[in-house]
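*Asks:* Quick one: the structure is below, questions incoming.
Protein chains in written order, with the numbering used here: chain A, 1 to 342; chain B, 1001 to 1067.
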């Protein structure tokens, strides 16, 4: 077994172990209850007559963690029913409430007490009056949304809902970040090991080292410019609708982009005799992975939260775009070199 | 300032930029940059190039009068 293969094997095992150990830690566990029922609404009254549908049930979180509710309610026919849904603690205090006709709603983060019993209440709002009454009773601002009269129709309905309590692991976000870094470093080490050829000298020549120095200088000034501009915006109280973490990372991305531009265009990015194809393949893989995760965040709606671009929902997309930019630069450089040779 | 003497010496040996680059252990772009006058090589690289082309430093890198 060659030295290179042994090293590669160790790195791959380390990668698998890192994913196996860190991935579950960074995930949230969730539990929930599911309920479905059929009933009739006759003369704006639910038949049989009940307020909270049976099976609403209760749940007890086993850890003192921030819970994250997701409630999915659907009804058939879809546009014919308005429901109210709320969760109360054992003292009867409401911790969460929403209304609507058919929704997949996620609440804000809620502090749930460990070993406290929470009860779910589900109410069918069969008239505009009952809807307004419910909103006034359960919502602090009591703002009544514009609900069409056509929602309050008599008929046969089938409803289902699911409430999920996501238990967030303490420091899950930090663990995710560390896991990302460790996995990233291991992947780079694997790519370097694959690309390495022990028989050929792989190093930068003196011009490349000098050009890299210039690239880092330009990157430094670009970052200074970016953070200076950001400071100015802050000074004039102009807020950017993006999280601080994202804006900090964006500054680093600007620096990296400037460094990449100068290094690649001056042919100082790859070492002499380096296996470029291997690295380009690696970049394509990482780029697609990051853009895929980024698009997933957009589709899930976690890219923007309350009108602000979130770091967790956008960092992958930013990384993917940065790698895409690197690949475009490499392509431009290749075309330019070919033209020069001709 | 372009280094035409280096280019001529390389051509006299029927060497491409890549051939010379491989011989002295630098990239083709580095040889190109030296010939175009975009990059001033270190003395070590100058000596390596001179040895590869069987020339002296004066012959390749010293400026002629009037240049």
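In this text, a Cβ means the ideal position worked out from N, Cα and C, and glycines have one as well.
Since we're looking at a predicted model, the values are computed, not measured.
Helix, strand or coil: how does DSSP classify residue 252(A) here?
*Replies:* To locate residue 252(A), count along the first chain from 1; it is residue 252. Three-state DSSP puts residue 252(A) in a helix.
*Asks:* Strictly under 8 Å for the Cβ-Cβ distance: is residue 1025(B) near chain A by that measure?
*Replies:* Position 25 of the second chain holds residue 1025(B). Yes, residue 1025(B) lies at the interface with chain A (some Cβ there is under 8 Å from its Cβ).
*Asks:* Whose CA, out of 335(A), 316(A) and 272(A), lies closest to the CA of residue 1028(B)?
*Replies:* Position 28 of the second chain holds residue 1028(B). Comparing Cα positions, the closest option is 272(A).
*Asks:* Assign residue 98(A) to one of three DSSP states: helix, strand, or coil.
*Replies:* As a first step, residue 98(A) must be located in the first chain, where it is residue number 98. Three-state result, residue 98(A): strand.
*Asks:* What is the rounded straight-line gap between the Cα of residue 159(A) and the Cα of residue 127(A)?
*Replies:* Reading the first chain from its first residue, position 159 is the one you call residue 159(A). Reading the first chain from its first residue, position 127 is the one you call residue 127(A). Each residue's alpha carbon lies about 17 Å from the other.
*Asks:* Under 8 Å Cβ to Cβ from residue 291(A), same chain only, skipping five residues before and after it: list those, please.
*Replies:* The residue given as residue 291(A) occupies position 291 in the first chain. Excluding residues within five positions, the ones whose Cβ falls inside 8 Å are 316, 317, 320, 321 and 324.
*Asks:* Below 7 Å on C-beta distance, what does residue 208(A) contact in chain B?
*Replies:* For the purposes of this step, residue 208(A) is taken as residue 208 along the first chain, with counting starting at 1. The contacting residues are 1027.
*Asks:* In terms of alpha-carbon separation, which member of 1040(B), 1007(B) and 1011(B) lies closest to residue 208(A)?
*Replies:* Counted from its first residue, the first chain places residue 208(A) at position 208. Out of 1040(B), 1007(B) and 1011(B), 1040(B) has the C-alpha closest to the C-alpha of residue 208(A).
*Asks:* What does a CB cutoff of less than 7 Å around residue 216(A) pick up in its chain, not counting 5 residues either side in sequence?
*Replies:* Within the first chain, the letter at position 216 stands for residue 216(A). Hits under 7 Å: 259.
*Asks:* Do you know how far the Cα of residue 97(A) is from the Cα of residue 139(A)?
*Replies:* Taking the first chain and counting its residues from 1, one reaches residue 139(A) at position 139. Taking the first chain and counting its residues from 1, one reaches residue 97(A) at position 97. One C-alpha to the other measures close to 8 Å.
*Asks:* May I ask which residues mark the beginning and end of the beta strand (DSSP E) holding residue 84(A)?
*Replies:* The sequence position of residue 84(A) within the first chain is 84, counting from 1. Run containing residue 84(A): 82-88, per the beta strand (DSSP E) assignment.
*Asks:* For chain A, find out if any of its Cβ atoms is closer than 8 Å to the Cβ of residue 1060(B); answer yes or no.
*Replies:* Along the second chain, read from residue 1 onward, the residue named residue 1060(B) stands at position 60. It does not: the Cβ of residue 1060(B) has no partner Cβ on chain A nearer than 8 Å.
*Asks:* Taking any Cβ of chain B, which residues in the stretch 258-292 of chain A have a Cβ under 7 Å from it, in chain order?
*Replies:* Taking 7 Å as the Cβ-Cβ cut-off against chain B, the residues of the stretch 258-292 of chain A that qualify are 267 and 272.
*Asks:* How is the alpha helix (DSSP H) around residue 216(A) delimited, first residue to last?
*Replies:* Counting from one through the first chain, the residue named residue 216(A) turns up at place 216. Its alpha helix (DSSP H) spans residues 206-235.
*Asks:* What number of angstroms, rounded off, separates the C-alpha of residue 83(A) from the C-alpha of residue 152(A)?
*Replies:* Reading the first chain from its first residue, position 83 is the one you call residue 83(A). Reading the first chain from its first residue, position 152 is the one you call residue 152(A). Taking the straight line joining both Cα atoms gives about 11 Å.
*Asks:* Have a look at the DSSP bridge pairing and note the partners of residue 157(A).
*Replies:* For the purposes of this step, residue 157(A) is taken as residue 157 along the first chain, with counting starting at 1. Its beta-bridge partners are 39(A).
*Asks:* When Cβ atoms are compared, which residues of the stretch 1001-1012 of chain B fall closer than 8 Å to chain A?
*Replies:* Listed by position along the chain: nothing, the set is empty.
*Asks:* Could you give the distance in angstroms between the alpha-carbon of residue 54(A) and the alpha-carbon of residue 133(A)?
*Replies:* Within the first chain, the letter at position 54 stands for residue 54(A). Within the first chain, the letter at position 133 stands for residue 133(A). Caution applies to residue 54(A), whose pLDDT of 49 falls short of 50 and renders its modelled position unreliable; the value that the coordinates give is listed next. Approximately 22 Å between the Cα atoms of the pair.
*Asks:* Quick check on residue 312(A): does DSSP put it in helix, strand or coil?
*Replies:* What you label residue 312(A) is simply residue 312 of the first chain in a count that begins at 1. DSSP places residue 312(A) in helix when its eight states are reduced to three.
*Asks:* Locate the beta strand (DSSP E) running through residue 1051(B), then write down its first and last residues.
*Replies:* As a working mapping, residue 1051(B) is identified with position 51 in the second chain. Where residue 1051(B) is concerned, there is no enclosing beta strand (DSSP E), although the alpha helix (DSSP H) it sits in stretches over 1043-1053.
*Asks:* Determine whether the Cβ of residue 1057(B) lies closer than 8 Å to any Cβ atom of chain A.
*Replies:* By one-based count along the second chain, residue 1057(B) stands at place 57. With 8 Å as the cut-off, residue 1057(B) does not count as an interface residue toward chain A.
*Asks:* Please report how far the alpha carbon of residue 243(A) lies from the alpha carbon of residue 44(A), in whole angstroms.
*Replies:* Taking the first chain and counting its residues from 1, the one referred to as residue 243(A) is at position 243. Taking the first chain and counting its residues from 1, the one referred to as residue 44(A) is at position 44. Distance between the alpha carbons of residue 243(A) and residue 44(A) is about 47 Å.
*Asks:* Hey, out of 227(A), 285(A) and 120(A), whose CA is closest to residue 60(A)'s CA?
*Replies:* To locate residue 60(A), count along the first chain from 1; it is residue 60. Per the Cα distances, 120(A).
*Asks:* For residue 119(A), write down the residues that DSSP places opposite it in a beta bridge.
*Replies:* Here the question's residue 119(A) lines up with position 119 in the first chain. For residue 119(A), which the question treats as bridged, DSSP gives the partners 58(A) and 88(A).
*Asks:* Looking at the unbroken beta strand (DSSP E) that takes in residue 46(A), where does it start and where does it end?
*Replies:* To locate residue 46(A), count along the first chain from 1; it is residue 46. Unbroken beta strand (DSSP E) run through residue 46(A): 45-47.
*Asks:* Would a check of beta-carbon distances place residue 1045(B) closer than 8 Å to chain A?
*Replies:* Here residue 1045(B) refers to the residue found at position 45 of the second chain. Answer yes: the Cβ-Cβ gap between residue 1045(B) and chain A drops below 8 Å somewhere.
*Asks:* Distance cutoff 8 Å, beta carbons only. Does residue 205(A) sit that close to anything in chain B?
*Replies:* The residue labelled residue 205(A) in the question sits at position 205 within the first chain. With 8 Å as the cut-off, residue 205(A) counts as an interface residue toward chain B.
*Asks:* Comparing the C-beta of residue 1048(B) with each C-beta of chain A, is any distance below 8 Å?
*Replies:* Against the second chain, residue 1048(B) aligns to sequence position 48. Not closer than 8 Å to any Cβ of chain A, the Cβ of residue 1048(B) fails to qualify, so no.
*Asks:* For residue 201(A), is the classification buried or exposed, using 16 other Cβ atoms within 10 angstroms of its Cβ as the cut-off for buried?
*Replies:* Along the first chain, read from residue 1 onward, the residue named residue 201(A) stands at position 201. Classification of residue 201(A): exposed, given that the 10 Å Cβ count is below 16.
*Asks:* Going straight from the alpha carbon of residue 220(A) to that of residue 255(A), what length do you get?
*Replies:* Within the first chain, numbered from 1, the residue matching residue 220(A) stands at position 220. Within the first chain, numbered from 1, the residue matching residue 255(A) stands at position 255. Going by the C-alpha atoms only, they are around 6 Å apart.
*Asks:* With H, G and I counted as helix, E and B as strand and the rest as coil, what does DSSP make of residue 280(A)?
*Replies:* Counting from one through the first chain, the residue named residue 280(A) turns up at place 280. The answer is helix: DSSP assigns residue 280(A) an H, G or I state.
*Asks:* According to DSSP, is residue 1058(B) part of a helix, a strand, or is it coil?
*Replies:* For the purposes of this step, residue 1058(B) is identified with residue 58 of the second chain, where counting begins at 1. The answer is helix: DSSP assigns residue 1058(B) an H, G or I state.
*Asks:* Tell me the DSSP secondary structure of residue 136(A) in three-state form.
*Replies:* Against the first chain, residue 136(A) aligns to sequence position 136. Three-state DSSP puts residue 136(A) in a helix.
*Asks:* Can a CB atom of chain A be found closer than 8 Å to the CB of residue 1052(B)?
*Replies:* Locating residue 1052(B) in the second chain gives position 52, where the first residue counts as 1. It does not: the Cβ of residue 1052(B) has no partner Cβ on chain A nearer than 8 Å.
*Asks:* Distance check for residue 1010(B) and residue 1016(B), CA to CA, integer angstroms please.
*Replies:* Residue 1016(B) sits at position 16 when you count from the first residue of the second chain. Residue 1010(B) sits at position 10 when you count from the first residue of the second chain. Each residue's alpha carbon lies about 7 Å from the other.
*Asks:* Could you compute how far the alpha carbon of residue 12(A) sits from the alpha carbon of residue 186(A)?
*Replies:* Here residue 12(A) refers to the residue found at position 12 of the first chain. Here residue 186(A) refers to the residue found at position 186 of the first chain. The straight-line gap from Cα to Cα measures roughly 8 Å.
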